[in-house]
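Scroll down for the structure; my scribbles are underneath it.
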Amino acid sequence: MQREHYDALVVGAGFSGLYMVYRLRQLGLSVLGFEAGADVGGTWYWNRYPGARCDAESLVYSYSFSKELRQEWRWSERFATQPEILKYLQHVADRFDLRQHFQFNTRVKAAVFDEAQSQWQLTTEQGARVSARFCFMATGCLSIGRIPNIPGLENFQGEHYHTGNWPHQGVDFTGQRVAAIGTGSSGIQAIPLIAQQAAQVTVLQRTPSFSVPARNQPLSDDYIARFNDNYDEIRHLARRQEIIGSGDVAPDPADSPRMSAQVAALSLPDEQRQQAYEARWNHGGAYIVGTFADLMVDENANRTVADFVRGKISEIVKDPETARKLTPTDYPLGAKRICVDTDYYATFNRDNVTLVDLRANAIECITSTGVKLQSGEEIHADAIVFATGFDAMTGALSSIDIVGEQGLKLRDRWVAGPRTYLGLQSAGFPNLFMITGPGSPSVLSNVVISIEQHVDWLVDLVKHMRANGIEQIQPTVAAEDEWVQHVNDIANATLFRLPNSWYLGANIPGKPRVFMPYAGGTGPYRDTCDKIAAENYRGFVLGRASTPA
Ligand code: FAD
Ligand code: NAP
794 MQREHYDALV VGAGFSGLYM VYRLRQLGLS VLGFEAGADV GGTWYWNRYP GARCDAESLV
854 YSYSFSKELR QEWRWSERFA TQPEILKYLQ HVADRFDLRQ HFQFNTRVKA AVFDEAQSQW
914 QLTTEQGARV SARFCFMATG CLSIGRIPNI PGLENFQGEH YHTGNWPHQG VDFTGQRVAA
974 IGTGSSGIQA IPLIAQQAAQ VTVLQRTPSF SVPARNQPLS DDYIARFNDN YDEIRHLARR
1034 QEIIGSGDVA PDPADSPRMS AQVAALSLPD EQRQQAYEAR WNHGGAYIVG TFADLMVDEN
1094 ANRTVADFVR GKISEIVKDP ETARKLTPTD YPLGAKRICV DTDYYATFNR DNVTLVDLRA
1154 NAIECITSTG VKLQSGEEIH ADAIVFATGF DAMTGALSSI DIVGEQGLKL RDRWVAGPRT
1214 YLGLQSAGFP NLFMITGPGS PSVLSNVVIS IEQHVDWLVD LVKHMRANGI EQIQPTVAAE
1274 DEWVQHVNDI ANATLFRLPN SWYLGANIPG KPRVFMPYAG GTGPYRDTCD KIAAENYRGF
1334 VLGRASTPA
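The numbering used here puts the first residue of the sequence shown at 794, with every later residue one more than the last.
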C-alpha cells in the first residue's frame, strides 16, 4: 500500500474498473483500485469454463473510447472466446498503464462513510485501510457465483467446479463421468464442449432455456473493414439498444436483419413472421428477441417467436422425449435471459449425453459418488459442474459492509430490494457510485456500452463538482423513490415480470423479488441521464461537505 488517502477509490478491475481508473487518471485524480482476483479482467478473469465467450458481437462488446485501441486490436471471431477477451483487457491495462493503480489479490470487505471528513474509508480483508472523497463500485453484476445449498456436497469424493470460478489451468474431463447442474447461458456454452471430452455427461436441468445458434465464425478482413466503414452508425445503434438482442450491429447495418421496431408481430401474416424469425435464426446471435416491437410486451406476440424456437428444438433433437424435456413451455422467450449456443441442442443426440428433468425428479442430495435423485436413482459422477449462476446485481455490493451517513447500512436500506437513483447512487451514501448498478439497463444491454455510458457520465459529474467547488452529491429520497417506481412500472409493463429469473432475484433463496435492471432501453435511459445532468443534476443534492445534504 503506497498511501492512505486518494482522491478516488475504485473496487473491481473488469471492464468497468479499468475504464473508470483510466478516466479518473486523465482528470489528474489520485486513484487506487482494488481487485480480488490476481489480475484484471473481471468476468473474463473468473469464468474460464470451456466454451465461455461473449454473446454480443466482439466488435461492439469492446471499448469505444479510444480509436487507437480499436485500430490496433483485431478480434478473431464474431463472438470472442474468454481467453481472447481476457487478453484484450490485459492489453488495455498494459496500453494505458493501468495495473500500477490497482492492488490485486485484495478483497474489500467494508466501506464506511466518515461524515466529519466527508470521505469513504475502505477496509480490505487483509486489514488495510484507505480513504478517498469518491468511491466507485465497479464490482460487477455477475461476480458472486452461487453453488446451491444441496445437502451432501461435502461428502462428494470427486472434484466440483463452479463455472464462475473455474481453475486457471483448465480441467481435463477425459474419461470422466460428469454431472452438469444448470442450463442457463453458462451451462449451455459449457455442456457441448464437456460432452466432446468426457466419457459420459448427465445434464441435470430444472428449467429449460430458450437458446438460439450463435453461428460464430472467424472475422474476415472484409467483415471488419465493413464494420469500420459503418463504425459510428453501428455504435450509435448499439448505444440505443432497446433490450438485449434487439440491437442491430451487424457490420453493414443495411444488410443485417433489422429490428422492425415499429412493426408488431401480430400485425403480420404468419408466413411473413416465420420468414423474419428464420432470417434471424440463420443470422445467429440473440437478435431474434428484437424481431418485432411487441415480443417483450405481448404474450400472444411472444408465443409466435417461442413456438418458432420450440419447433427448431424438435427438429434438432432426435429423441422426442428429450426434445420435449428441453422445450420451455411456461415462460415467454427472452423473459429469462436468452442463451446463445453452439450445438447445444444437437449435443443431446450424442450417445454419451443424458438429460434429467429435475422438475419430474428433483435432486435429493449429493453422495460420495454422485447425485442422488428423489426417485432413489443415483447419477454416478467423477466430477460435478455447477453452472448455477450468480447472486446477480446486488450480490457483490451486499458482500461489502457499506455504511453511509448516520450509520445507515446499504444492506438494511436495500432489505426489500435495491433502491437507487438511475442505478448510480443510493440516498444516504454520498459520493458512493455504482457502475451498472441495479435500476440501470446493465444486464439488459450490451454491458460494455452501458459501462462506458456510466463512467462517462460520472466523470462529467466529477468535473462539474470540481469546477464548482462541490464536495458531496447524493440523490434525494424523493428522486430515488420516483426512479424505483419508474423501474418497476416499466418492468411490469413487460413480460420480464413473469418467470422466476435472476433479474428478479428469484434464484437466491430469501432474496426479495424485485425486478432489478432498467427495462426501458439504453437510448431512453441515456437521454434521461443527460437531461438530469443538464438540469443541474435534478434529483441530486449537491453541496459542500459542511452543508448537510
Ligand atoms: P466484472 O467483470 O464482474 O468485474 C468486477 C470485478 O470486481 C471482479 O473481478 C471482482 O473480482 C471484483 N470485485 C467484486 N467485489 C469485490 C470486492 N469486494 N473487493 C475487490 N474486488 C471485488 N455481458 C454482455 O453484455 N455480453 C456478453 O456477451 C456477456 N457475456 C458474459 C458471460 C459470462 C460468463 C458472464 C458471467 C457475464 C457476461 N456478461 C456479458 C456480463 C459481464 O459481466 C459484463 O459484460 C462485464 O464484463 C462486466 O464488467 P464489470 O467490470 O462491470 O464487472
Ligand atoms: P443462470 O442463468 O442463473 O443459470 C443457472 C442455472 O442453474 C439455471 O438453469 C438454474 O435453473 C440452475 N439452477 C440453479 N440452482 C439450481 C438448483 N438448486 N438445482 C438445479 N438447478 C439449479 O446462470 P448462468 O448460466 O451462469 O448465467 C448468468 C448470466 O451470465 C446470463 O444470464 C448472462 O447474462 C451471463 N452469461 C452470458 C454468457 C454469454 O453467452 N455470453 C454466458 C454465461 C453467462 P432455474 O432456471 O430453474 O433457476
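For every residue, glycine included, the Cβ atom is placed at its ideal position computed from N, Cα and C. The structure presented is a predicted model; accordingly, all values stated were derived computationally and were not measured.
* Beta-carbon separation of Y838 and V1241 under 8 Å? -> Cβ atoms of Y838 and V1241: not closer than 8 Å.
* To do: Take the Cβ of R796 as the centre, count every other Cβ of all protein chains shown within 10 Å, and call the residue buried at 16 or more, exposed below.
  => Flag for R796 reads exposed.
* To do: For Y799, collect the residues of the same chain with a Cβ closer than 7 Å to its Cβ; drop the 5 residues on either side in sequence, then sort them by chain order.
  => Closer than 7 Å at Cβ, skipping near neighbours: S823, V824, L825, V923 and A925.
* Asked: Span of the beta strand (DSSP E) holding H953?
  -> Where H953 is concerned, the enclosing beta strand (DSSP E) starts and stops at E952 to H955.
* CB-CB length for S1417 against Q1034, believed under 8 Å -> In the structure displayed, the chain extends from 794 to 1342; residue 1417 sits before or after that span and is not available.
* **As assigned by DSSP and simplified to three states, the class of A801** => The DSSP-derived three-state label of A801 is strand.
* Asked: With a Cβ-Cβ cutoff of 8 Å, do A886 and L997 count as a contact?
  -> Not closer than 8 Å, so no.
* **A1007: CB within 7 Å of a non-hydrogen atom of the ligand ADP** => Of the ligands this structure carries, namely the ligand FAD and the ligand NAP, none is the ligand ADP.
* Mind checking R1331: buried by the 16 CB within 10 Å criterion, or exposed? -> If you draw a 10 Å sphere on the C-beta of R1331, you find fewer than 16 other C-beta atoms in it, and that means exposed.
* To do: Decide if the region 1107-1115 is in contact with the region 1268-1281; the criterion is three or more beta carbon pairs, one per stretch, under 8 Å apart.
  => The answer is no - the region 1268-1281 does not touch the region 1107-1115, with fewer than three Cβ pairs under 8 Å.
* Start-to-end residues for the alpha helix (DSSP H) that takes in K880 -> Note, K880: alpha helix (DSSP H), Q875 to R888.
* **Separation of K1105 from W1250, as counted between CA atoms** => The alpha-carbon atoms of W1250 and K1105 are separated by roughly 43 Å.
* **Unbroken stretches of the alpha helix (DSSP H), 4 residues or longer, contained in the region 949-991** => DSSP runs (the alpha helix (DSSP H)) wholly in the region 949-991: 978-990.
* **Proximity below 8 Å, CB of N1224 to CB of A991** => Note that the C-beta distance between N1224 and A991 is not below 8 Å.
* Do you know how far the Cα of W1074 is from the Cα of V994? -> Taking the straight line joining both Cα atoms gives about 27 Å.
* For L820, decide whether its Cβ has a neighbour in chain C, counting only Cβ atoms nearer than 8 Å. => No chain C is part of this structure, which consists of one protein chain only.
* Apply the 10 Å Cβ neighbour rule to P876 and answer buried if 16 or more other Cβ atoms are within range, or exposed otherwise. => Of the other Cβ atoms in all chains shown, fewer than 16 fall within 10 Å of the Cβ of P876; this residue is therefore exposed.
* D1123: CB within 7 Å of a non-hydrogen atom of the ligand NAP -> Look at D1123: its beta carbon is at least 7 Å from all of the heavy atoms in the ligand NAP.
* Between C1132, L1030 and I1244, which lies nearest to V1102 when the distance is taken from Cα to Cα? -> Residue C1132 is the option with its Cα nearest to V1102.
* Opening and closing residue of the beta strand (DSSP E) in which C928 lies -> For C928, the uninterrupted beta strand (DSSP E) segment begins and ends at R922 to M930.
* To do: Could you tell me whether the Cβ atoms of F1183 and H953 are closer together than 8 Å?
  => In this structure, the beta-carbon distance from F1183 to H953 does not fall below 8 Å.
* Asked: Within 10 angstroms of its Cβ, does N1093 collect 16 or more other Cβ (buried), or is it exposed?
  -> Here N1093 is exposed. Its C-beta has fewer than 16 other C-beta atoms within 10 Å.
* According to DSSP, residues forming a beta bridge with D1134 -> According to DSSP, residue pairing for D1134 in a beta bridge involves P1006.
* **Local conformation of Q910 per DSSP, three classes** => Residue state for Q910 is assigned as coil, using DSSP reduced to three classes.
* **Contact test: E828 Cβ vs the ligand FAD heavy atom, cutoff 7 Å** => True, at least one ligand heavy atom lies under 7 Å from that Cβ.
* Asked: Using a threshold of 7 Å, is the CB atom of I1156 nearer than that to any non-hydrogen atom of the ligand NAP?
  -> Between the ligand NAP and I1156, a heavy atom-to-CB distance of less than 7 Å is present.
* Coarse secondary structure for T1321, derived from DSSP in three states -> T1321: helix per DSSP, three-state reduction.
* Which of the three DSSP states, helix, strand or coil, is assigned to S857? -> The DSSP-derived three-state label of S857 is coil.
* **Nearest-angstrom beta carbon gap, I1228 and N974 [assumed within contact, 8 Å]** => Per the sequence shown, the amino acid found at residue 974 is Ile instead of Asn. A Cβ-Cβ separation of about 31 Å leaves I974 out of contact with I1228 under the 8 Å criterion.
* To do: List the DSSP bridge partners of E1150.
  => The residue asked about is misnamed: residue 1150 is Asp in this sequence, not Glu. BP columns for D1150 point to Q998.
* Proximity to N1329 [Cα-Cα], best of A1312, K1256, T1287 and R1306 -> A check of alpha carbon separations from N1329 across A1312, K1256, T1287 and R1306 identifies K1256 as the nearest.
* Between the C-alpha atoms of A1312 and G1230, what's the straight-line distance to the nearest angstrom? -> A1312 and G1230: Cα-Cα distance of roughly 13 Å.
* 7 Å Cβ shell around A1284 - same chain, five flanking residues per side excluded -> Taken in chain order, the residues that qualify are R1290, F1308 and A1312.
* Asked: Does DSSP classify K1118 as helix, strand or coil?
  -> Reduced to three states, the DSSP call for K1118 is helix.
* With DSSP as the reference, label P1113 as helix, strand or coil. => Helix.
* the ligand NAP heavy atom lying under 7 Å from the CB of N1329 -> N1329 Cβ: outside cutoff for every heavy atom of the ligand NAP.
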